[in-house]
Amino acid sequence: MKLREIAHSRTGDKGNTSNISLIAYSQDDYQTLKNAVTAEKVKAYFADIVKGEVVRYELPAIGALNFVMYGALGGGVTRSLALDMHGKGLSSAIMDMDI
Amino acid sequence: MKTIRIGGGAGYAGDRIEPAVELAQKGDIQYLVFECLAERTIAIGQKQKAADPTKGFNELLADRMHAVLPTCIEKGIKIITNMGSANPLYAGKLVAEIARSLGAKQLKIAIVSGDDVLDMAMNSDVKLDEIGKPISQCNKQIISANAYMGAEAMVQALNNGADIVIAGRVSDPSLFLAPMMYEFGWQPDNWEMLGKGTIIGHLLECGGQITGGYYADPGFKDVPGLARLGFPIAEVDEQGNATITKVAGSGGNVTVDTCKEQMLYEIHQPDRYLTPDVVADFSHVTFTQAGPDRVEVRGGNGFERTNTLKVSVGYQDGFIGEGEISYAGPGAVARGKLALEIVKERFALCGFEPEETRYDLIGVNSLHGDTLSQSSQPYEVRARVAARCTTKAQAAKVGNEVETLYTNGPAGGGGATKSVKEILAMDSTLISRDLATATVDYLEI
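Right under this line is the structure:
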């Protein structure tokens, strides 16, 4: 199953750090997300992009996870050579992850 | 119980203007807040101000004021904004001029400054977080240093009868927290209420991002009417409970899911969201759909604020040179790859060594690299080379090498473009809170 079938996501940026939320459409799927999408798995998924650590925070009250990815934006929005210097597209990329 | 309605009139410097006009005319709001400063915006403003002392504020300030002031004056809607950017004083003067030209009588404009800490940062040689060294050892030309200020000076301005509050660098949620503190008498050490108000401010600060903007994904997350997206309204009561909504009949939608996405936008540790006002705790917030386009927000909290303020430091960091060229038809990707290889080899032959270089095939792997981009062969592809260089002349070489592919590269290359842009980079540091003091000045009509 693709992550897109049970969850949605938004990315934000602060300096050279990107955060990706992962929100279960149904509270019933939160536990599935929590078991399947670990910080290690996200770090491996974005191996080409994320240079630093990935930290996962849990928000059971809204059935969501928040991944903070350090060194993910090519030096940050102002210095990055990337086309998507904010990393806005990262939330779409994670939707294709198999769980 | 007393409630107020606050509208979020902009989510960034260049945002649409019509939704703010719609909020003023049909939103039944008492406050219209425009959040218009991204991390880098104020550094750009400082450069503009250095070239012309009457510039350096938001470039759409006059357009926005012409559009919303007549209604705001007529209905007594107060305006709060950080559109002052690097030059709140001249922004205030311009707003006064526009108000006069509209025939306004008895209008009080408050100008909040004190966020510019460049001299202090230079004198005390602050250490920059990302570079990891004090300013004196960075070998960079520092352009700006602005501290994120809290809500208190804006509350003071409202207490003194301001109709319009124009600030420079204040934290985004503080713009929204200020009217709540003023209206409900929340004291600056009432951490729980300040935390609740900060969460509501965070939900509103990106304008349409909570009403369906930055959300739509056809077939999975459908959003109606994005071309006429309505901007958000928070109905807040004195207990810090809120309902997020928008003007009836406007485009977009407010749902539990749009609210959840926005709450997690640009936050890190959910139970420690630091602002100058409070350490807000988002971890127990819940959302309930109370009706169409009406979502109740509950469960916010806050803890004692820290003794430091975040400072954004802007500096010159050389130039980015960029060149692009397109290939189409059978073998487009192979020719695009060949084009990039040629430019790479040319750089080596010329002894050209930029600080950092990037080679993309747009339409193939330019956003997320090779691993995530294993798709079928596209019909067309655009080769892109970008490099960060110390001089403008070096940066210009990047685009020139791509352009020479016309007559020296693979078959059928077309539409070459090139550009050079100056890099205005940002870093940050923390300073003791007592090193920056907000001040309020008034202009009266």
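Respectively, the protein sequence lines represent chains H and B. Residues 1 to 99 (the UniProt record's numbering) make up the first sequence, in order. Residues 1 to 445 (the UniProt record's numbering) make up the second sequence, in order. Don't be surprised by glycine CBs; every beta carbon is placed ideally from N, CA and C. These figures come from a predicted structure and were not determined experimentally.
Test item: CB-CB of residue i and residue j under 7 Å
| i | j | result |
| --- | --- | --- |
| residue 468 (chain B) | M193 (chain B) | Residue numbering for chain B in the displayed model covers 1 to 445; residue 468 (chain B) lies beyond these limits and cannot be assessed. |
| R56 (chain H) | F67 (chain H) | yes |
| S21 (chain H) | L264 (chain B) | yes |
| V256 (chain B) | V295 (chain B) | yes |
| I325 (chain B) | V402 (chain B) | yes |
| G195 (chain B) | V278 (chain B) | yes |
| E205 (chain B) | P173 (chain B) | yes |
| A147 (chain B) | L309 (chain B) | yes |
| G207 (chain B) | G8 (chain B) | yes |
| C389 (chain B) | G321 (chain B) | yes |
| P134 (chain B) | K140 (chain B) | no |
| I23 (chain H) | K260 (chain B) | yes |
| A280 (chain B) | T404 (chain B) | no |
| V398 (chain B) | V364 (chain B) | no |
| I99 (chain H) | A36 (chain H) | yes |
| G52 (chain H) | G15 (chain H) | no |
| L81 (chain H) | R358 (chain B) | yes |
| R64 (chain B) | I98 (chain B) | no |
| G415 (chain B) | Y406 (chain B) | no |
| L33 (chain H) | P270 (chain B) | no |
| S312 (chain B) | S428 (chain B) | yes |
| T71 (chain B) | A24 (chain B) | yes |
| M154 (chain B) | L435 (chain B) | no |
| Y90 (chain B) | T54 (chain B) | yes |
Test: residue i CB closer than 7 Å to a CB of chain B
| i | result |
| --- | --- |
| I23 (chain H) | yes |
| A72 (chain H) | no |
| L3 (chain H) | no |
| D29 (chain H) | no |
| R33 (chain H) | According to the sequence provided, residue 33 (chain H) is Leu. The question's Arg does not apply to it. No, L33 (chain H) does not count as interfacial toward chain B. |
| K14 (chain H) | yes |
| I62 (chain H) | yes |
| L59 (chain H) | yes |
| A93 (chain H) | yes |
| L65 (chain H) | no |
| D48 (chain H) | yes |
| R79 (chain H) | yes |
| D84 (chain H) | yes |
Spatial neighbours of residue i in its chain, beta-carbon cut-off 8 Å, leaving aside the 5 residues before and after
| i | result |
| --- | --- |
| K93 (chain B) | L443 |
| P88 (chain B) | F57, I111, V112, S113, I166, A167, G168 |
| C138 (chain B) | L128, I131, Y315 |
Cutoff 7 Å: residue i Cβ touching any chain H Cβ
| i | result |
| --- | --- |
| I423 (chain B) | yes |
| residue 446 (chain B) | Residue 446 (chain B) is absent from the structure shown; chain B starts at 1 and stops at 445. |
| S366 (chain B) | yes |
| R40 (chain B) | yes |
| residue 447 (chain B) | Only positions 1 to 445 of chain B appear in this structure, which leaves residue 447 (chain B) out of reach. |
| E266 (chain B) | yes |
| S261 (chain B) | First, the residue type needs correcting, since residue 261 (chain B) is Glu and not Ser in the sequence shown. E261 (chain B) counts as touching chain H. |
| A386 (chain B) | yes |
| D317 (chain B) | yes |
| G212 (chain B) | no |
| L37 (chain B) | no |
| G369 (chain B) | yes |
| residue 453 (chain B) | Since the displayed chain B opens at 1 and closes at 445, residue 453 (chain B) lies outside it and no answer follows. |
| P270 (chain B) | yes |
| R294 (chain B) | no |
| T372 (chain B) | One point to set straight first is that residue 372 (chain B) is Leu, not Thr, in the sequence displayed. It does; some Cβ of chain H falls within 7 Å. |
Cβ-based neighbour list, residue i, same chain, cut-off 6 Å, excluding 5 preceding and 5 following
| i | result |
| --- | --- |
| L338 (chain B) | P410 |
| E235 (chain B) | T3, R5, T243 |
| K78 (chain B) | Y31, D163 |
| T439 (chain B) | S113, G114 |
Residues of its chain near residue i, where Cβ-Cβ distance is below 7 Å and the 5 sequence neighbours each way are ignored
| i | result |
| --- | --- |
| V88 (chain H) | Sequence check: residue 88 (chain H) is Lys here, not Val. Here the set comprises T11. |
| T286 (chain B) | R298, G299 |
| S366 (chain B) | D360, R384 |
| G251 (chain B) | P224, G225, L226, A227, R228, L229, G230 |
| C36 (chain B) | A10, Y12, A13, N58, T81, N82, M83 |
| D125 (chain B) | P134, I135, S136 |
| Q262 (chain B) | L203, C206, Q209, I210 |
| D293 (chain B) | T245, K246, N253, V254 |
Any non-hydrogen atom of the ligand ZN closer than 6 Å to residue i Cβ
| i | result |
| --- | --- |
| M181 (chain B) | Looking for the ligand ZN in the displayed structure turns up nothing, as the structure carries no ligands at all. |
Query raised in the report: Touching or not, the region 23–35 of chain B and the region 61–75 of chain H, by the rule of three or more beta carbon pairs under 8 Å?
Result: Taking 8 Å as the limit for Cβ pairs, the verdict is that the region 61–75 of chain H does not touch the region 23–35 of chain B.
Report task. Within the region 187–218 of chain B, note down every full alpha helix (DSSP H) run reaching 4 residues or more, in order along the chain. Result -> The qualifying runs are 191–204.
**Report entry** Segment contact, 8 Å Cβ cut-off, at least three pairs: the region 151–166 of chain B with the region 98–109 of chain B
**Finding:** yes
Report task. Could you tell me which uninterrupted beta strand (DSSP E) segments, each at least 3 residues in length, are contained entirely in the region 343–415 of chain B, listed from first to last along the chain? Result -> 356–362, 380–389
Requested in this report: Please determine if the region 369–384 of chain B and the region 42–59 of chain H are in contact, where contact requires at least 3 C-beta pairs separated by less than 8 Å.
Outcome: yes
Query raised in the report: Which parts of the region 223–306 of chain B are runs of the beta strand (DSSP E), unbroken and 3 residues or longer, counting only runs that do not cross its ends?
Result: Listed in chain order, the complete beta strand (DSSP E) runs (minimum 3 residues) inside the region 223–306 of chain B are 232–237, 242–246, 279–281, 286–291, 294–298, 301–303.
Query raised in the report: In chain order, which continuous runs of the alpha helix (DSSP H) of length 4 or greater are located wholly inside the region 90–143 of chain B?
Result: 118–123
Query raised in the report: Whole beta strand (DSSP E) runs in the region 162–187 of chain B with 3 or more residues, listed along the chain?
Result: 164–167
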